[in-house]
Amino acid sequence: MSTSTLRVPTSFRLPAELLEELKECAKATNRSLNNYVESILMDFMSKNKTMEENAITPDLQAKLDKAREEIHSGQCITMKSHDDIDNYFASL
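Here the sequence shown is numbered in the working numbering, starting from 2 and rising by one per residue.
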């Protein structure tokens, strides 16, 4: 049973200089131009999905806003130095 990925032929219009640079990079890494460009695009999409997963959701934004309000109204403990942290833990 084969698990190969369906690949669909497509074409793009690229600046000649960019195409030449891509060809040189593909050759330098002993890959075909198609494989090289495909791997670049897959890496980009993978990183883009990670960025989306780490995006601030409306729920998280509401929690951040609430925390900021508590800080500004003095409803929290603020520590600006290691001494402040040490003093806080000593008081527990």
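By construction, the Cβ of each residue, glycine as well, lies at the ideal position given by its N, Cα and C atoms. Please read all numbers here as calculations on a predicted model, not as lab measurements.
In this structure, Lys24 is the residue among Ala17, Lys24, Ile78 with its C-alpha nearest to the C-alpha of isoleucine 41. Counting along the chain, alanine 27 sits inside the alpha helix (DSSP H) bounded by residues 17-29.
Per DSSP, phenylalanine 13 lies in no alpha helix (DSSP H) segment and is marked neither H nor E. Under the 10 Å beta carbon count, tyrosine 89 is surrounded by fewer than 16 other beta carbons and is classified as exposed.
Here isoleucine 86 is near methionine 80, since their CB atoms are less than 8 Å apart. In the three-state reduction of the DSSP assignment, methionine 46 falls in the helix class, which pools H, G and I. DSSP places arginine 32 in the coil class of the three-state scheme, outside both helix and strand.
Excluding the 5 residues flanking it on each side, glutamate 39 has no same chain C-beta neighbour closer than 6 Å.
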